[in-house]
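Take any residue in the sequence shown, note its place counting from 1, add 76, and you have its number in our numbering.
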Amino acid sequence: MLPGAKRTHPPKILRPQPGGKGITALILAGGKAKRMGGIDKGLYKLADDRPIVEHVLSRIQPQVERVLISANRNREHYLHYGDTVVPDQKHRQWGPLAGVASAMQTPLGDYLLVCPCDAPQLPLDLCERLCQGWIVGETECILAHDGKRPQPLFCLLSSTLGLKIDAYLDAGQRRVEQFMLGLNHQVVDFSDQSSAFLNINTLEQIQGIHQDN
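Listed below in structure tokens is the structure:
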């Protein structure tokens, strides 16, 4: 809705369809993992001998119609977990938005649900709750908030944002949160599940997950 405009009718909220119809998930696995010695985090196995990306997939797949994985290495391994593996195209290794931009060039539904590959405890109701904050015809982006800070890599995007993302990257910008806050966006409170947004960035964090399980 334009600034200063008044809504003349109740907002229409997005209602998830059975099987997540119209919603595609994108698991971001294209990072370099410098803080973990450059390992491919998504394929790192936890105590149950399952790679992290498999844990993420098991939680996100029931929420959507299909799953894409953004990956720039070990693509043949990631094919076991996603319908399609998408490498960075125009802006290779430019961070998460480069992966989103490449995904936007593939056939999608109306919405793209984004999550990182290193969050094995992500909310099982991520898609449902993000949809509840989406105003049809107005919202372009909706992101989670863990009670302390925004979590821009856990978000729902309109699949029409490809050109805006490309223009942002072409201008030399990479910051995900800055881009999203410049859109017609909403934020959804997940403070009741703050631990679900833990990103694995060190081997010590992996050990902590092992102990919790």
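Heads up, the beta-carbon is just placed ideally off N, CA and C, and yes, glycines get one too.
Computed from a predicted model, the values in this text were never measured in an experiment.
Hey, residue i and residue j: beta-carbon distance below 8 Å or not?
{"i": "cysteine 191", "j": "leucine 229", "result": "yes"}
{"i": "serine 235", "j": "leucine 188", "result": "yes"}
{"i": "lysine 117", "j": "aspartate 194", "result": "yes"}
{"i": "histidine 261", "j": "cysteine 217", "result": "yes"}
{"i": "leucine 119", "j": "histidine 153", "result": "yes"}
{"i": "isoleucine 128", "j": "proline 183", "result": "no"}
{"i": "leucine 206", "j": "alanine 179", "result": "no"}
{"i": "leucine 122", "j": "tryptophan 210", "result": "no"}
{"i": "valine 140", "j": "cysteine 203", "result": "yes"}
{"i": "alanine 177", "j": "isoleucine 241", "result": "yes"}
{"i": "alanine 105", "j": "leucine 198", "result": "no"}
{"i": "asparagine 148", "j": "glutamine 169", "result": "yes"}
Are there 16 or more other CB atoms within 10 angstroms of the CB of residue i, so buried, or fewer, so exposed?
{"i": "glycine 96", "result": "buried"}
{"i": "glycine 80", "result": "Low confidence applies here, because glycine 80 scores a pLDDT of 49, under 50, leaving its location unreliable and the question unanswered by this model."}
{"i": "glutamate 99", "result": "This sequence places isoleucine at residue 99; glutamate is not what is there. Buried, since its Cβ has 16 or more Cβ neighbours within 10 Å."}
{"i": "proline 87", "result": "exposed"}
{"i": "alanine 101", "result": "buried"}
{"i": "glutamine 254", "result": "exposed"}
{"i": "glutamine 93", "result": "exposed"}
{"i": "leucine 237", "result": "buried"}
{"i": "isoleucine 276", "result": "buried"}
{"i": "asparagine 289", "result": "For asparagine 289, the pLDDT reaches just 49, beneath the cut-off of 50, and the residue's location in the model is therefore unreliable, although a value from the coordinates is still provided. It is exposed - the Cβ of asparagine 289 has fewer than 16 other Cβ atoms within 10 Å."}
{"i": "valine 162", "result": "buried"}
{"i": "leucine 78", "result": "Any reading at leucine 78 is ruled out, since the residue's pLDDT is 43, under 50, leaving its predicted position unreliable."}
{"i": "glutamine 181", "result": "exposed"}
Check for me: the beta strand (DSSP E) holding residue i runs from which residue to which?
{"i": "isoleucine 145", "result": "142-146"}
{"i": "alanine 243", "result": "Run containing alanine 243: none in the beta strand (DSSP E); it sits in the alpha helix (DSSP H), 238-246."}
{"i": "phenylalanine 230", "result": "226-234"}
{"i": "tyrosine 187", "result": "187-192"}
{"i": "leucine 219", "result": "217-221"}
{"i": "histidine 167", "result": "Careful: histidine 167 lies outside any beta strand (DSSP E) and carries neither H nor E."}
{"i": "glutamine 262", "result": "261-265"}
{"i": "valine 162", "result": "160-162"}
Would you say the beta carbon of residue i comes nearer than 7 Å to a heavy atom of the ligand NAD?
{"i": "leucine 104", "result": "Annotation note on the ligand NAD: not contained in the displayed structure, which lists no ligands."}
Where do the ends of the alpha helix (DSSP H) carrying residue i lie?
{"i": "isoleucine 103", "result": "Not the alpha helix (DSSP H): isoleucine 103 falls in the beta strand (DSSP E), residues 99-104."}
{"i": "histidine 153", "result": "151-154"}
{"i": "valine 176", "result": "172-179"}
{"i": "phenylalanine 255", "result": "252-257"}
{"i": "arginine 126", "result": "Element bounds for arginine 126: n/a, residue is neither H nor E."}
{"i": "arginine 205", "result": "202-208"}
For residue i, decide whether its Cβ has a neighbour in chain B, counting only Cβ atoms nearer than 8 Å.
{"i": "cysteine 231", "result": "Of the chains in the structure shown, none is chain B; there is only one protein chain."}
I'd like to know if the segment 129-137 and the segment 149-161 are in contact, where contact means that at least 3 CB-CB pairs between them fall below 8 Å.
yes
Touch test, the segment 267-276 against the segment 208-222, Cβ-Cβ under 8 Å, three pairs minimum
yes
Below 8 Å, how does it come out for the segment 243-261 and the segment 173-182: are there three or more Cβ pairs, yes or no?
yes
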